[in-house]
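Below you'll find the structure, written out as structure tokens, and then a few comments.
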Amino acid sequence: MRIKEKIKTLIKKDYFKEYGKDPYQEVIKAVTYVVDYEILKKTLLAKLQEFIPVETVLFYLLNPEKDLYEPIIATGYKLRATGSGPQAINLELNEDEIKFYKFSKDDRLIKWLRINKKELNLRKNPNIFDYLALKEREILGIFNVELSLPLISLNKLIGMVFLGTKKDSSPYSSEEIRFLRFFSYQASLAFENALLLKEKKESFIKMVRADRLATIGQLASGAAHEIKNPLTTIKSTLQYIKKYYGEENSKKELIEKILDETDRIDSIVKSLLSFSKIEEPHMEDISLVPLIESCIQLIDKSQNKNLRIKRNYMNEPKIKGDSSQLKQVLFNVFLNAMEAMPDGGEIEVTVETVNRKDKLRGEEVLIRIKDSGIGITEENLEKIFDPFFTTKEEGTGLGLSISYGIIKKHGGEIDVKSETGEGTEVILKLPV
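Residue numbers (the working numbering): 1074 to 1505.
Okay, here's the thing in structure tokens:
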């Protein structure tokens, strides 16, 4: 027994000596001080590749809304030859395509990892492929996965890490496996904490936003009523004066310009009233896909020939809602997407039904509208639902504020994700 422990100690010392530092301490330090979810992903990947000589790495996490394990990190997969000789093809995958390689809770690989709660070495256990379904074998084959590590938190499988073949094609050593077990344990805790913090932060932002919009709504309602009365008097007086100038074009044109600006103010006041007091929706059964298609037909008639619409209708859900109000929201989102791509681009529309976070509340429909436009800066992203905030020269800044109110009236939520230069994604969540 003592000899065995001494050998373990020597192996461990040699392993540390090779890298010049203690990998275990490095991982602990990395995850202890990082709480931001996006930074955590990059940090964990960097630490893993720092101590394990592997290029292909995939991290999967459970999406509780969809009950699916989805890829959140993928690297080293860019090119992989399929076939041989003249029939060989280079399979190129981009980040948008990677997201379709998902696992469900019922997949056999997931069940194996959930039950055994340990790594699965596919090089040492090639017979496992006979147990797996065709889809699972294809995913593992495409990414040339050699090692699967479960991410366990509170005795639940929250995700997994897939590692490809090492750069020198040698098998994973016992010390590397030992380190990877430790790494997966630390990564599980770190992801659980980061996701919890992210969720609380998002809930707080939504609460503050709702409170702010309610306060602004009350102020806007009072201001709109105060402006509307004198504005009506000004407009009627100008129309009366206009009659007395007959053919005096210069004065008549001046009055017409003032009337145009008065109409513009009147339009803003009406929008303010719409924002401050959104009408109760007239609820009826609605098929969402035809409703979305009717909005797409309107934007398809635009002069922008370089505009492409990509549809991903996972199903065709029905909801209770006000079709005219929802059309207003959808058209506003599509219009914003088009304006973000003045030279053309792609709008991707995805519709799917998922479980709500609180599963007792049933299912909800997600409508994702993603453009390939200029994106929104992080600073502006926090303000997009504020009334009168706009980056457009002729915009009123009330479109998204009103859309937010309409979706809330339908018992749903609206979220926006964006990166400068990468485009914007608007997610509408509506209860089934």
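Backbone N, C-alpha and C fix where the C-beta goes; we use that ideal spot for every residue, glycine too. Note that the coordinates shown come from a computational prediction; the quantities given were computed from them, not determined experimentally.
Roughly how many angstroms separate the alpha carbons of isoleucine 1215 and valine 1127, rounded to a whole number?
Spanning the two alpha carbons is a distance of roughly 16 Å.
Between which residues of its own chain and leucine 1380 is the CB-CB distance below 6 Å, once the five residues before and five after are set aside?
The residues are Gly1417.
Among the residues of its own chain, which have a CB less than 6 Å from the CB of lysine 1301, if the five just before and after it don't count?
For lysine 1301, where only same-chain residues beyond five positions count, the Cβ hits under 6 Å are Val1342.
Please name the residue or residues paired with leucine 1471 in a DSSP beta bridge.
Answer by DSSP bridge pairing: none, since leucine 1471 is not bridged.
Taking 8 Å as the threshold, find out whether the region 1093-1102 comes into contact with the region 1251-1258 through three or more Cβ pairs.
Touching, per the Cβ criterion.
Could you check the C-alpha separation between threonine 1155 and phenylalanine 1202 for me, to the nearest Å?
Note on threonine 1155: pLDDT 44, under 50, position unreliable in the model; no value is reported.
My understanding is that isoleucine 1420 touches isoleucine 1442, with C-beta atoms under 8 Å, so please give their C-beta distance in whole angstroms.
Going by Cβ atoms, the distance from isoleucine 1420 to isoleucine 1442 rounds to 7 Å, so yes, they are a contact pair.
Name, in chain order, the residues that DSSP records as bridge partners for tyrosine 1133.
Bridge partners of tyrosine 1133: Pro1144 and Met1233.
Using 8 Å as the cut-off, can you tell me whether the region 1181-1196 makes contact with the region 1217-1224, which would need three or more C-beta pairs spanning the two stretches below that distance?
Flag = yes, the region 1181-1196 and the region 1217-1224 touch.
Under three-state DSSP, which class holds asparagine 1189?
Asparagine 1189: helix per DSSP, three-state reduction.
How would you label aspartate 1241, buried or exposed, when you count the other beta carbons within 10 angstroms and need 16 or more for buried?
Classification for aspartate 1241: exposed.
Kindly list the residues whose CB is nearer than 6 Å to the CB of isoleucine 1183, restricted to its own chain and excluding five residues on each side of it in sequence; keep chain order.
Once the five neighbours on either side are set aside, the close Cβ partners of isoleucine 1183 are Phe1176.
Would you please state the rounded distance, in angstroms, between the beta carbons of glycine 1237 and asparagine 1217? I believe it to be under 8 Å.
Correct: roughly 5 Å between the Cβ atoms.
For leucine 1501, does the three-state DSSP call read helix, strand or coil?
Here leucine 1501 sits in strand by DSSP.
Would methionine 1387 and threonine 1426 qualify as a contact pair, given that the criterion is a beta-carbon distance under 9 Å?
Their beta carbons are under 9 Å apart, which means methionine 1387 touches threonine 1426 by this criterion.
Would you decide whether proline 1096 is buried or exposed? Buried here means 16 or more other CB atoms lie within 10 Å of its CB.
Answer is buried; the Cβ neighbour count reaches 16.
Over what stretch of residues does the alpha helix (DSSP H) that includes tyrosine 1204 continue unbroken?
Segment 1201-1204, the alpha helix (DSSP H) holding tyrosine 1204.
Compare the C-alpha of leucine 1207 against each of Arg1181, Arg1187, Leu1227 and Asn1228 and name the closest.
It is Arg1181.
Out of Ile1231, Cys1368 and Thr1493, which has the shortest C-alpha to C-alpha gap to isoleucine 1382?
When each option's Cα is compared against that of isoleucine 1382, the closest is Cys1368.
Would you mind stating whether proline 1144 and tyrosine 1174 have Cβ atoms separated by less than 9 Å?
It is a contact, given that the beta carbons lie within the stated cut-off.
Taking the alpha-carbon of glutamate 1209 as reference, which of Ser1243, Phe1235 and Leu1230 has the nearest alpha-carbon?
Per the Cα distances, Phe1235.
How big is the Cα-Cα spacing for glutamate 1498 and isoleucine 1487?
Rounded to whole angstroms, glutamate 1498 to isoleucine 1487 spans 11 Å at the Cα level.
Could you give the distance in angstroms between the alpha-carbon of threonine 1116 and the alpha-carbon of threonine 1129?
Cα to Cα, the separation comes out at about 16 Å.
Assuming contact is defined by CB atoms lying nearer than 9 Å, are lysine 1502 and glutamate 1437 in contact in what I supplied?
Yes; because the gap between Cβ atoms is below 9 Å, this pair is in contact.
May I have the straight-line CA-CA distance separating phenylalanine 1124 from leucine 1454, to the nearest angstrom?
When rounded, the distance between both Cα atoms is 37 Å.
According to DSSP, what are the bridge partners of threonine 1426?
According to DSSP, threonine 1426 bridges with Val1438.
Going by the CB atoms, is the gap between leucine 1268 and leucine 1121 shorter than 9 Å?
No; because the gap between Cβ atoms is not below 9 Å, this pair is not in contact.
In angstroms with no decimal places, state the Cα-to-Cα distance between isoleucine 1112 and lysine 1274.
Distance between the alpha carbons of isoleucine 1112 and lysine 1274 is about 16 Å.
From which residue to which residue does the beta strand (DSSP E) around proline 1223 run?
Looking at the DSSP string, the run of the beta strand (DSSP E) that includes proline 1223 is 1218-1226.
Rank Leu1439, Glu1272 and Ser1396 by C-alpha distance to the C-alpha of asparagine 1385 and give the top, closest one.
Checking every option, the nearest Cα to that of asparagine 1385 belongs to Leu1439.
Between glutamine 1398 and isoleucine 1457, how many whole angstroms is the CB-CB distance? I'm expecting something under 8 Å.
Actually they are not in contact, since the Cβ atoms of glutamine 1398 and isoleucine 1457 sit about 20 Å apart, beyond 8 Å.
Would tyrosine 1110 and leucine 1270 be called neighbours here (beta carbons separated by less than 9 Å)?
Yes.
Which residues mark the beginning and the end of the alpha helix (DSSP H) in which glycine 1214 is found?
Glycine 1214 -> alpha helix (DSSP H) spans 1207-1215.
Would alanine 1119 and leucine 1131 be called neighbours here (beta carbons separated by less than 9 Å)?
Not in contact: alanine 1119 and leucine 1131 (Cβ atoms no closer than 9 Å).
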